[in-house]
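In what follows, a single structure is set out as structure tokens and then discussed.
Residue numbers (this note's numbering), protein chains in the order written: chain A, 1 to 460; chain B, 1001 to 1460.
Here is the structure:
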């Protein structure tokens, strides 16, 4: 597009249709597509069907594609030499503890808050709200011009929140159709209320579930306590030993492949004026708890971590039960950076845990996902185009930032399809993704749609 | 009784009525009287009503007595100078994990096993089966002779498995009716298959529930991991620090009041020929895991312990969720011996935990029970009578043993009613009390009834 008149018409169309865009998102949010819970398998099918139908109405050639797990949605539209792949995921996190939600997580609504109107519900931000910004931008283009400005392929996954087991084989089998000039991924956030951001590094993720087995049944602590091995005590020692007093991870070889951030990049992060107090204060905390001697953004964006995500063992109901349990389990995840090898770390972690088992204890492992860290190449021209589009919409220079989360898809696109990814999104730190009362600012949704309309215009 | 003819008639009556005795026990086991779970409050009422009705049919003057919690059952029968109080509890432990039961825990039945017929169901051993041995012995006495050989008061409690909150006030208010020459308590076991036992020491119990609070909501470990405080990490460190490498408890002052066992008593325990391999082997273990340098029976009967009975925090469902939880909880219990003061230890434990809280963490405690250890005086004449009766029934000298469990009632009878307690019971180590598939040997039930009939004869 060499002049702005067509874009202005599209942006006006987006503004006029804002309420209907929101209604459609609410429709999608009503489908409880929790991928990690087998009880919701049909809901994942329903969410995929909903997207296929909606993309078809817009004018895409859309279809649901079977996988060994939840289905993929693939859609094609537009023509031309320039070809972009847009990726999002329609599956959502579990909702427990349900009692902490102020509304049914799958009965979403627009709520007025002190910070402005928000769309409240599971998946509002992660990732249904974000993926719908792109869908609605495409709809506006088609409505106004009857075509998209370039060739667009859409890939919506339904297993992102449960380790994406079907993703890599699917990419490999469908490389011909999916490979584009660049991938656009909308699963990240604004830097802050005012500043849009493009993520250029992402941490990898390794998940491990550890179960320590001891006696062959639950024992009474009066009859056996003091003489019988208690798996909860063994597990507590393993978990407590994950970090030293300075917050460094104690698994041997953990820091292999971890480089210090270049001073000029650290300088750029300092210049962002990130407020540790504000970031932690918004969730009831005050003091950075990571590795000693690292500034907050460094802890979040460039340092690997080990975290305990869940522990269960023994009697956990109301009241008391003096049991020595037969087993105890923990879910532990590692965020990886630089050249850390998730497969080597899995082996190292398992060996380290096994070596700590006392007599009569046996440990069992279940792996959940293993993705290395990703590093994008921001010299690719699409980064400049996206940065310019975002800067225009938000009237503020878009920042190149690190990402603390793990979006393995960017690495998979690089490895299996040879494609760079541009990660841009409109979520906010207080969206409470993966937590009760998840929300997406209505402003993020609306300006997100407008942002993608501008990006498409630059790419066309 | 100076001759044995009346006793022989009673024992014959017990043998003839064995099947009907079992049927009555099965009836009582069908009532899911889980005292710790408020959802089962009505079931506790039902169990009390069932006992009142049954004791009435036998000829007791029985009534249900209201408390702030679950009711007590009180019953009186017999006359004479000699007065015994029999104590048992009709409440049972929770049944989770239900999936590990081979049958509905509240659909009890007699099952044939390699070790002989057993009564399977929650409470079969602890304590419904045991209390029914005394009830059925009284029934046989009344059936044959129309009277009991001495004055008997029965007290059945419904809160033993949940800390007995109503017990002490009830004893104090009803001291006049409940105080007897001695208390008989049937909530302990045989020494082994052949040897009956009378327990002369019991460990005390202190229960604490610890909840560590961190951020004000669950956080995404990608967004916050490395910078935000994780309560599961803090809790794991506290729990791992409970013991040193030699198995000694690290709470300051924990061993105050703990004396070494007298050498002659230790010698007596050695002479019992206790098999550590057999005891641990029956539950899939091989190696004593208690304090170093202590023999197995010493670890069980004379040493205090700290055990983790339950831990929960974060995401514990199927699959994975990379959450940093807002809170994490543990249930910890201490078995106490000698002069350890449970109230002083509660304060010491809480102070020790509080001192470990890092910035941004707050700890909350809930107390569950606090009873000191008990030591009976085996020179009391009822001990000799009970020992003789048990030795006759089992054709093997009854042993005086220590008890690893905590039966605070014995201490309460001593403190509040000035009464010694004789603790004799017929449970076995493999009864799986507090665990799935609890059972009571049919032989224990039958010979238990006969044992009490003999004890009553000696006391008459």
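For every residue, glycine included, the Cβ atom is placed at its ideal position computed from N, Cα and C.
Where residue i falls: helix, strand or coil (DSSP)
{"i": "residue 1136 of chain B", "result": "helix"}
{"i": "residue 1243 of chain B", "result": "strand"}
{"i": "residue 1412 of chain B", "result": "helix"}
{"i": "residue 462 of chain A", "result": "In the structure as shown, chain A starts at 1 and stops at 460, and residue 462 of chain A therefore has no counterpart that could be examined."}
{"i": "residue 1445 of chain B", "result": "helix"}
{"i": "residue 440 of chain A", "result": "strand"}
{"i": "residue 1432 of chain B", "result": "coil"}
{"i": "residue 1185 of chain B", "result": "strand"}
{"i": "residue 250 of chain A", "result": "coil"}
{"i": "residue 219 of chain A", "result": "strand"}
{"i": "residue 1310 of chain B", "result": "strand"}
{"i": "residue 1294 of chain B", "result": "coil"}
{"i": "residue 3 of chain A", "result": "Because residue 3 of chain A carries a pLDDT of 49, less than 50, the predicted location of this residue cannot be relied on, and the following value inherits that uncertainty. Correct three-state label for residue 3 of chain A: coil."}
{"i": "residue 1300 of chain B", "result": "helix"}
{"i": "residue 262 of chain A", "result": "coil"}
{"i": "residue 1426 of chain B", "result": "coil"}
{"i": "residue 228 of chain A", "result": "coil"}
{"i": "residue 1320 of chain B", "result": "coil"}
Inter-residue CB distance, residue i and residue j (contact presumed, cutoff 8 Å)
{"i": "residue 289 of chain A", "j": "residue 1228 of chain B", "result": "6 Å"}
{"i": "residue 1319 of chain B", "j": "residue 162 of chain A", "result": "5 Å"}
{"i": "residue 133 of chain A", "j": "residue 383 of chain A", "result": "No, residue 133 of chain A and residue 383 of chain A are not in contact; Cβ-Cβ is about 19 Å, not under 8 Å."}
{"i": "residue 336 of chain A", "j": "residue 203 of chain A", "result": "6 Å"}
{"i": "residue 171 of chain A", "j": "residue 416 of chain A", "result": "5 Å"}
{"i": "residue 1195 of chain B", "j": "residue 1396 of chain B", "result": "5 Å"}
{"i": "residue 1083 of chain B", "j": "residue 1060 of chain B", "result": "Rounded, the Cβ-Cβ distance is 14 Å, inconsistent with contact."}
{"i": "residue 1013 of chain B", "j": "residue 1187 of chain B", "result": "About 26 Å; that fails the 8 Å criterion."}
Per-residue burial, residue i [other beta carbons within 10 Å of its own, 16 or more giving buried]
{"i": "residue 343 of chain A", "result": "exposed"}
{"i": "residue 1365 of chain B", "result": "exposed"}
{"i": "residue 1264 of chain B", "result": "exposed"}
{"i": "residue 221 of chain A", "result": "buried"}
{"i": "residue 1293 of chain B", "result": "exposed"}
{"i": "residue 1418 of chain B", "result": "exposed"}
{"i": "residue 71 of chain A", "result": "buried"}
{"i": "residue 1021 of chain B", "result": "buried"}
{"i": "residue 1454 of chain B", "result": "buried"}
{"i": "residue 1125 of chain B", "result": "buried"}
{"i": "residue 107 of chain A", "result": "exposed"}
{"i": "residue 506 of chain A", "result": "Shown here, chain A extends from 1 to 460; a query on residue 506 of chain A therefore has no answer."}
{"i": "residue 35 of chain A", "result": "buried"}
{"i": "residue 298 of chain A", "result": "buried"}
{"i": "residue 359 of chain A", "result": "exposed"}
{"i": "residue 1429 of chain B", "result": "buried"}
{"i": "residue 128 of chain A", "result": "buried"}
{"i": "residue 152 of chain A", "result": "buried"}
Residues near residue i in its chain [Cβ-Cβ closer than 7 Å; skip 5 each side]
{"i": "residue 1339 of chain B", "result": "1257"}
{"i": "residue 1302 of chain B", "result": "1261, 1337, 1402"}
{"i": "residue 325 of chain A", "result": "218, 231, 232, 313, 314"}
{"i": "residue 461 of chain A", "result": "Examination of residue 461 of chain A is not possible in this model, given that chain A is present from 1 through 460 alone."}
6 Å Cβ shell around residue i - same chain, five flanking residues per side excluded
{"i": "residue 69 of chain A", "result": "159, 165, 166"}
{"i": "residue 400 of chain A", "result": "198, 200, 378"}
{"i": "residue 1137 of chain B", "result": "1449, 1452, 1453"}
{"i": "residue 1026 of chain B", "result": "1108"}
Contacts that residue i makes with chain C (C-beta to C-beta distance below 9 Å)
{"i": "residue 163 of chain A", "result": "Absent from the structure is chain C; the protein chains it does hold are A and B."}
Sequence-distant residues of its chain with Cβ nearer than 8 Å to residue i (five each side left out)
{"i": "residue 447 of chain A", "result": "393, 394, 426"}
{"i": "residue 1101 of chain B", "result": "1095, 1436, 1437"}
{"i": "residue 442 of chain A", "result": "22, 110, 116, 117, 118, 119"}
{"i": "residue 1205 of chain B", "result": "1333, 1334, 1335, 1336, 1342, 1369, 1370, 1371, 1406, 1408"}
{"i": "residue 46 of chain A", "result": "31, 33"}
{"i": "residue 1234 of chain B", "result": "1212, 1214, 1328, 1356, 1357, 1358, 1361"}
{"i": "residue 141 of chain A", "result": "10, 147, 148, 149, 453, 456"}
{"i": "residue 6 of chain A", "result": "144, 145, 457"}
{"i": "residue 1253 of chain B", "result": "1344, 1345, 1348"}
Next item on the list: Pick out the complete beta strand (DSSP E) segments inside the segment 87–145 of chain A, 3 residues or longer, and give them in chain order.
Entry: Runs found: 109–113, 116–120.
Next item on the list: Any chance you could list the alpha helix (DSSP H) runs of at least 4 consecutive residues sitting entirely within the segment 332–402 of chain A, in chain order?
Entry: With a minimum length of 4 residues, the continuous alpha helix (DSSP H) runs that stay inside the segment 332–402 of chain A are 342–354, 381–394.
Next item on the list: Mind listing, in chain order, the continuous beta strand (DSSP E) runs of no fewer than 3 residues lying wholly within the segment 1019–1098 of chain B?
Entry: If we require 3 residues or more, the beta strand (DSSP E) runs fully inside the segment 1019–1098 of chain B come out as 1061–1065, 1072–1077, 1083–1089.
Next item on the list: Kindly provide the ranges of any beta strand (DSSP E) runs that are 3 or more residues long and lie completely inside the segment 1187–1211 of chain B, ordered along the chain.
Entry: Within the segment 1187–1211 of chain B, the complete beta strand (DSSP E) runs of at least 3 residues are 1197–1202.
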